[in-house]
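K.L.:
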Amino acid sequence: MASFTFSKSSVMFLPLVLVTYLVAATSAGNFYQDIDVTWGDQRGKILNGGQLLTLSLDKFSGSGFQSKNEYLFARIDMQLKLVPDNSAGTVTTFYLSSQGPGHDEIDFEFLGNSSGNPYTVHTNVYAQGKGNKEQQFHLWFDPTAAFHTYSIVWNPQRIIFLVDNSPIRVFQNSEAIGVPFPKSQPMRVYSSLWNADDWATQGGRVKTDWTKAPFTASYRNYNANGCVKSSAGSSCASGNSVNDQTWQTQELDSAGRNRLRWVQSKFMIYNYCTDLKRFPQGLPVECKR
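The sequence shown lines up with residues -28 to -1, 1 to 261 when you count with mature numbering (1 follows the signal peptide of the UniProt record, and there is no 0).
#1: Go ahead and label P252 buried or exposed: buried means 16 or more other beta carbons lie within 10 angstroms of its beta carbon, across all protein chains shown.
#2: Ordered along the chain, which non-local residues of its own chain (more than five positions away) have a Cβ less than 7 angstroms from that of N58?
#3: Are at least three pairs of beta-carbons, each pair with one atom in the segment 139 to 147 and one in the segment 224 to 242, less than 8 angstroms apart?
#4: Taking a contact to mean a Cβ-Cβ separation below 8 angstroms, would you say S163 touches D49 in this structure?
#5: Given the structure, does F109 come close to the ligand ATP, in the sense that its CB is under 7 angstroms from one of the ligand's heavy atoms?
#6: Candidates S33, Q51, Q129: which alpha carbon is nearest Y194's?
#7: When DSSP builds the beta bridges, which residues end up paired with G8?
#8: What are the boundary residues of the beta strand (DSSP E) that V161 is part of?
#9: Suppose you measure from the CA of residue 296 to the CA of A227; what does that come to, to the nearest Å?
#10: By the three-class DSSP mapping on this structure, what secondary structure does S237 have?
#11: Tell me which same chain residues have a C-beta within less than 6 angstroms of the C-beta of G22, skipping the five on either side of it?
#12: The beta strand (DSSP E) that contains D79, what's its start and end?
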């Protein structure tokens, strides 16, 4: 599948108040260096010298991990191979999140289904503790048959969700019209595999079949290119030649916009911006742009 490039405008410098807390950094390829398995009692495993990570779920527990670093703006790429066969009731997540009240969050969630039915890719954006900005998709391939790359680009202007470098969603910074945007709270990368059969598959109608356990999702080629929270350092606009800085101002070019329209017309199955039943008093203001 062809990849799609993005146009780049002039470099935007981060606010001066952030300069002493950020240092541009890239990490790639070794889970031992970049990731901590944080829960699951050995259900999360780093294998092949740090090149592969697996999370498992059984009827007793799921599992999860988080990045060692916190980022304030970044491009995060991860290759995933999702739970195969009957994955109903399971949820595999890949997301960015801050901690505490009023948290920020940028979500990929993969909702399993019964054999032969497609996964649902659930996306959401939280800013200052408020979400309710869901878009959902099916995919144009089987995400359990091979590894595919899922990416989050987060810069001061926008958030771009990509699958195999094809944009599926863009959430613009609309603070000018009163819409909160995640821009001040550093976030870690998280992933988990857990049971949510009360809602995940067809609204909870299809339950997890524990005779198929353990369920396993696999990860490789983690790459984080971003601004790492640090007590000393320089802003991401420092021009460090080691790092690819294009994500800082990344936006869709004409090919990317065409690809986005194709994905959304063919594979989007829910968009909060068209849900008049949910918002009877009027759609959120950013939906009208």
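Cβ coordinates follow ideal geometry from the N, Cα and C atoms, glycine included.
P.N.:
This is what the structure gives:
#1: Sequence index remark: in the sequence shown, residue 252 carries index 280 (1-based). Looking at its Cβ environment, which holds fewer than 16 other Cβ atoms inside 10 Å, P252 is exposed.
#2: Start at 1 with the first residue of the sequence shown, and residue 58 comes out as number 86. So the list reads S86, S87, D181, K184, once near-sequence residues are dropped.
#3: yes
#4: Reading the sequence shown from its first residue, position 191 is the one you call residue 163. Reading the sequence shown from its first residue, position 77 is the one you call residue 49. Contact: no.
#5: In the structure shown, the ligand ATP is absent, as is every other ligand, since no ligand is present at all.
#6: Here residue 194 corresponds to residue number 222 of the sequence shown, with the count starting at 1. The candidate whose alpha carbon is nearest that of Y194 is Q51.
#7: Your numbering for residue 8 matches position 36 in the sequence shown. Note on identity: in this sequence residue 8 is Asp, with Gly being the wrong assignment. Answer is Q38, bridged to D8.
#8: Start at 1 with the first residue of the sequence shown, and residue 161 comes out as number 189. Run containing V161: 160 to 167, per the beta strand (DSSP E) assignment.
#9: No information on residue 296 is available, as it lies outside the stretch -28 to 261 that the chain covers here.
#10: Position 265 of the sequence shown holds residue 237. S237 falls in the helix class under three-state DSSP.
#11: The residue labelled residue 22 in the question sits at position 50 within the sequence shown. Hits under 6 angstroms: N2, F3, Y4.
#12: As a working note, residue 79 is residue 107 in the sequence shown. Start and end: 77 to 83.
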